[in-house]
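*Asks:* This is the structure, below, for whatever I ask next.
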Amino acid sequence: MFISLVAVTTALLLTITGTLTFWPMAQWYDIYRPIVLMIGGYVAGVMLMWIFYEIFGRLLSSYKKQYDKPSRFARFLLHNGITYVNRVCRVKLITVGLDNIPNEPFLLVGNHKSNFDPMLVAQALSSRDIAFICKKEVMKIPLAGHLMWRNCYLPIDRKDRTQSLAQFNRAADLLEARVTSIGVYPEGTRVKNGEVLGKFHHGALSIAIKTKCPIVVVTMKGTEKIHKNFPRKSHVQMICRVLYYREDYAGMNAKQLSDFVHSLIYQELSE
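Following my numbering, the numbering of the sequence shown begins with 1 at its first residue and continues without gaps.
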């Protein structure tokens, strides 16, 4: 992984240089010195990478400009950063049905219990372009905000129905142009208080109705436990099912399709 490689290289260089020059081991009990240098070098390497991310994120994108297609370099940086965070948080991702995902652009619809949901989906689909529809506040996240914008992520203002509708239409345009796949969480927000699955806003499924694209239904299990388990390892399951227009949802309206997808995810969560 890019970030880990830079951090480990920095740690090794600082440790070797330090023990040979400015902080040598004079006695056996000085063994702590290379350990301190190694830890300090690793932290310094990670900090250097975060600075690199922030600088390149701002160079690659501007919030004043709307991009017609994702940037491969921005996707590389974003996915490497996401994968690094997932591994640091000790998340073990187990996927089911990933091989069934079509090569053509699709609408990804999933349940939402944690901020790790889109991060783990992005990690699992790192070789694919996928832009998520997200709340506008996500674009303010340091380091990642500019990279997400450059990868055609679509922020919506949940209080502005007109703006949200415009973003749904733009998502459909990107799909029809085969520019990128689109990811959406129809619950609109993370489900809390032990609820299995929240109510879907069926407007999100109108994207599939308009474009007749494949729908990748993703059920995430266990992401809500990641922050509670840390630093212990968390096992998360990602179950994928693909729906095609002609075989599975032709003739449905957005509400019917929304209810159908909701029932599929609810069934997986209940098992």
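Note that the Cβ used here is the ideal one computed from N, Cα and C, for glycine as well. Here the structure is a predicted model, which is why all the values come from computation and not from measurement.
Suppose you measure from the CA of A131 to the CA of R87; what does that come to, to the nearest Å?
*Replies:* As a working note, residue 131 is residue 131 in the sequence shown. As a working note, residue 87 is residue 87 in the sequence shown. Cα to Cα, the separation comes out at about 22 angstroms.
*Asks:* Can the beta-carbon of I141 be found closer than 7 angstroms to that of L154?
*Replies:* As a position in the sequence shown, residue 141 is number 141, starting the count at 1. As a position in the sequence shown, residue 154 is number 154, starting the count at 1. No, Cβ-Cβ distance for I141 and L154 is not below 7 angstroms.
*Asks:* How far does the alpha helix (DSSP H) with Q167 in it extend, from its first residue to its last?
*Replies:* The sequence position of residue 167 within the sequence shown is 167, counting from 1. 161-176 is the span of the alpha helix (DSSP H), which, as asked, contains Q167.
*Asks:* When DSSP labels each residue in this structure, what does K65 get in the three-state scheme?
*Replies:* As a position in the sequence shown, residue 65 is number 65, starting the count at 1. Three-state result, K65: coil.
*Asks:* State yes or no: is the C-beta of R58 within less than 7 angstroms of the C-beta of H112?
*Replies:* One-based indexing of the sequence shown puts residue 58 at position 58. One-based indexing of the sequence shown puts residue 112 at position 112. Against a cut-off of 7 angstroms, the Cβ pair of H112 and R58 comes out as no contact.
*Asks:* Near K212, what residues of its chain come up, given a Cβ to Cβ distance below 7 angstroms and the 5 sequence neighbours on each side ignored?
*Replies:* Reading the sequence shown from its first residue, position 212 is the one you call residue 212. So the list reads Y245, once near-sequence residues are dropped.
*Asks:* Counting along the chain, where does the alpha helix (DSSP H) carrying G188 start and finish?
*Replies:* For this step, residue 188 is matched to residue 188 along the sequence shown. Note, G188: premise wrong, no alpha helix (DSSP H); not H, not E.
*Asks:* When DSSP builds the beta bridges, which residues end up paired with K135?
*Replies:* Reading the sequence shown from its first residue, position 135 is the one you call residue 135. Per DSSP, I156.
*Asks:* When you compare the CB of V109 with every CB in chain C, is at least one pair closer than 7 angstroms?
*Replies:* Absent here is chain C; the protein component of the structure consists of one chain.
*Asks:* Can I82 and Q123 be called in contact, C-beta distance under 7 angstroms?
*Replies:* As a first step, residue 82 is located in the sequence shown; it is residue number 82 there, counting from the start. As a first step, residue 123 is located in the sequence shown; it is residue number 123 there, counting from the start. For I82 and Q123, yes; Cβs fall inside 7 angstroms.
*Asks:* Out of curiosity, what's the CA-to-CA distance linking I156 and K136?
*Replies:* Along the sequence shown, read from residue 1 onward, the residue named residue 156 stands at position 156. Along the sequence shown, read from residue 1 onward, the residue named residue 136 stands at position 136. About 5 angstroms.
*Asks:* How do the stretch 216-232 and the stretch 102-112 stand: do at least 3 beta-carbon pairs fall below 8 angstroms, yes or no?
*Replies:* Cβ pair count under 8 angstroms is three or more, so yes.
*Asks:* Taking just the CA atoms, how far does Q267 sit from K199?
*Replies:* Counting from one through the sequence shown, the residue named residue 199 turns up at place 199. Counting from one through the sequence shown, the residue named residue 267 turns up at place 267. Distance between the alpha carbons of K199 and Q267 is about 14 angstroms.
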